[in-house]
Amino acid sequence: KEVFEDTTFPVKSITQENTGNTSALELTGDPLKIDLEGDESFGSYIKSDRPNHWVPEEARHFPLSLQKARQHINQQNKVKQDGNNTPIYVVCDSNDVQHTILLGAHKSNNFLMTVAVSTIGCYPKGHEKISFANMEIDHIKNTLTRNPKVDFLVKFKYYLYGTLLHNTEDIYRSESHGNIFVEVTCNNCSFDVPQNPSNMKMILKVITGHHLSSVNFLWEELCLIQTYLDILSDSDKCNDELTPISAAPTQESDVYKNINGILSYSVVKKEEKMEFDLRNIRQEQLLDKLWNILKCCENLLVLRDSLQYFFEELVETEYNIKVPENDTSNIATIINGLLNGKLAVPTLTFSQALECLFELGSEKLKNDYQVIIKNFYWASDQSINMMWSKFQNKHLMLQGGHRKTRISVNLRSGVIDLDHNISKLAYLGKLHVATEFIYLIKEQANLPEETFDNFCTRVYENYVHESTTPPHEFADLQQSPLCEFAMNLTSADTDVIQKLV
């Protein structure tokens, strides 16, 4: 108490002095003016984390009052021409007594069907207000038919993982890299989970390239070889020796040192059987190691000189080095020709060197996806090889008739044909989407083994085997990274829902 009195006493004195001499506190002069035009820092942090339960297209529709909605529907029905049976729906603002959120009408030659959707609030399960019996009574009151037949259609939606997702500009800020939900439709008059639903569908959405994805490291390499295509499509950049190709380059001397390392280490070994793991997908080959080295070259000049150095050292090496026989890429053809003594060391242009790097990356990624998908669907191996062979662009020509022959690249009158490379990268994008879906369902949903196998089969058929499925270009996938896949479930899969309720 004594401390309280002591601390308040001087404050009272100051207050009395200030109130007695107010003229000394008057301000003079002009106030300081600050121009904050264009400064958005004050409002940049104001952002709601609540998700919107509508897509951007739906956000364009402004809700109307119930009276204006009725006027609009009546006006449209009056001017509607004969034979036009298109229904009309209007989103309402729910400010009327019934809290109407949707009003609609479907006019035909013989009848007029009206639709009204209202909200009644949130009630616990089993509350009398939301019982099917009461809803049926309210529905019959709005009909003009005696003893009408009422059909019930109940739809349940259960989220196994994630939340609502839409293609937005900041989609990579999502707290989950996808979602999994199950839609159950039945005709029973009950909110209980049906034992034998009429329709049950599982829907997955995945954000390709999200940092939470287990296979995001493969996506980063896909984006890297897409930058190579962008450079190759620009005649100025692909012929400029200083065009950068790596965001984190390695010193040129270290590149040469690493090349010597793989040439002295790449002795032919019997391939070991390894337990499958994303961190150790398969045993690295010579071209895989070469890709990891050359992708860190600073620019096109370093890349071309490094490839030239690799070819020269390959000719002089005394080690038994080979590339896989099933690799039909141009760079594999060059390497085998050099090792067999049938070809001379080629002289490449900057663009040809970058094409070789593109081939190294695309072949490496194809082999990675092939092993991953085969681990879940064993019959995919042959289909991937068959599809991949369609994208191979054999543009190397052997010039001269001697045993030692110099190789040149046929550029078709100086124009680089990128169609095969674009198609190849698009197919890699499909393989990546398939891999994303497989790991999303494997890690986030505990499906029965038979259901999971069926899911992998459907993914294989949709993305691996069927070439008409989007994306048609990898750049499209970068622009719209949210992908969706759906499959029907059977009554045997109801256990998946029962675990959630």
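328 is the number of the first residue of the sequence shown in this note's numbering; add one for each residue after it. In this text, a Cβ means the ideal position worked out from N, Cα and C, and glycines have one as well.
Just to confirm, are V672 and I662 a CB contact at a threshold of 7 Å? No. Outside cutoff.
Through-space distance from L614 to F637, alpha-carbon basis: Answer to the nearest angstrom: the Cα atoms are 11 Å apart.
May I ask you to report which of helix, strand or coil DSSP gives V418? The answer is strand: DSSP assigns V418 an E or B state.
Going by Cα to Cα distance, which pick from A802, V791, G448, S540 is closest to F703? Cα-wise, what sits closest to F703 is V791.
Hey, would you say C813 sits closer than 7 Å to I530, going by beta carbons? Sequence inspection shows Ala at residue 813; the Cys mentioned does not correspond to that position. Between A813 and I530, the CB-CB gap stays under 7 Å.
Just list the beta strand (DSSP E) runs in the segment 750 to 822, keeping only unbroken ones of 3 residues or longer that don't cross its boundaries, in chain order. Within the segment 750 to 822, the complete beta strand (DSSP E) runs of at least 3 residues fall at 809 to 815.
I want to know whether the segment 539 to 551 touches the segment 479 to 493 - three or more CB-CB distances under 8 Å. Pairwise C-beta distances place the segment 539 to 551 out of contact with the segment 479 to 493, as fewer than three of them are shorter than 8 Å.
Taking the C-alpha atoms as reference points, what is the distance between H493 and L809? Computed Cα separation, rounded: 7 Å.
Can you pull the DSSP bridge partners for N506? Listed as beta-bridge partners of N506 by DSSP are K532.
Which residue comes first and which comes last in the beta strand (DSSP E) that contains K434? Its beta strand (DSSP E) spans residues 427 to 434.
Please report the distance separating the alpha-carbon of N647 from that of I608. About 25 Å.
If you compare alpha carbons, which of I572, S503, V444, K405 is closest to F677? Answer by Cα proximity: I572.
Quick one: Cα of E811 to Cα of C783, how far? Here the C-alpha atom of E811 lies approximately 15 Å from the C-alpha atom of C783.
Cβ shell of I467 (< 8 Å), same chain only, five flanking positions each side left out: Setting aside the 5 residues that flank it on each side, I467 is surrounded in the same chain by P475, V477, each with a C-beta closer than 8 Å to its C-beta; the list follows chain order.
Check whether the Cβ atoms of P451 and V418 sit closer than 7 Å, and answer yes or no. In terms of Cβ geometry, P451 and V418 do not form a close pair [threshold 7 Å].
Do you know whose CA, among Q612, E639, L439, L539, lies nearest R500's CA? Answer by Cα proximity: L539.
For A460, count the other beta carbons within 10 Å of its own beta carbon; 16 or more makes it buried, fewer makes it exposed. Which is it? By the 10 Å Cβ count, A460 comes out exposed.
Taking 8 Å as the limit between beta carbons, can you name the residues of its chain near E455, skipping five residues before and five after? Cβ within range, chain order: N461.
For K528, the nearest candidate out of N514, T535, I507 (CA to CA): Considering only alpha carbons, the answer is I507.
For a test of the three-state rule: what should DSSP assign to C513, helix, strand or coil? Three-state result, C513: strand.
If we ignore side chains and look at the alpha-carbon of each, how far apart do C550 and Q402 end up? Approximately 53 Å between the Cα atoms of the pair.
Give me whichever residues DSSP pairs with P571 in a beta bridge. In the DSSP output, where bridge partners are listed per residue, P571 has N626.
Enumerate in chain order the residues of its own chain whose CB-to-CB distance from A772 is below 6 Å, with the five nearest sequence positions on each side excluded. Counting only Cβ-Cβ distances below 6 Å, and skipping sequence neighbours, we find L487, I507.
Determine, using beta carbons only, whether T762 and I711 come nearer to each other than 7 Å. No.
Between N412 and K395, what straight-line distance do the alpha-carbon atoms span, to the nearest angstrom? CA-CA distance, N412 to K395, rounds to 22 Å.
Looking at C449 and F479, is the spacing between their C-beta atoms short of 7 Å? Contact: no.
Using only the alpha-carbon positions, how far apart do L491 and L684 sit? Their Cα atoms are separated by approximately 39 Å.
Three-state secondary structure (DSSP) at L670? Correct three-state label for L670: strand.
Using a 10 Å radius around the Cβ and a threshold of 16 neighbouring Cβ atoms, would you call I693 buried or exposed? The displayed chain sequence assigns Lys, not Ile, to residue 693. Buried is the call here.
Locate the beta strand (DSSP E) running through S445, then write down its first and last residues. Segment 439 to 445, the beta strand (DSSP E) holding S445.
DSSP bridge partner residues for K693 (one or two, in chain order): By DSSP's assignment, K693 forms no beta bridge with any residue.
What separation, rounded to the nearest whole angstrom, lies between the Cα atoms of Y555 and A680? C-alpha separation (whole angstroms): 11 Å.
Anyone know if the C-beta pair for G431 and L767 falls short of 7 Å? It is not a contact, given that the beta carbons lie outside the stated cut-off.
Buried/exposed call for W705, threshold 16 Cβ in 10 Å: So W705 counts as exposed.
Are L745 and F801 close, meaning C-beta to C-beta below 7 Å? One thing to note: L745 has its Cβ no nearer than 7 Å to the Cβ of F801.
Reference T570; option with closest CA among W618, K584, E547, L628: Taking only the C-alpha atoms, the option nearest T570 is L628.
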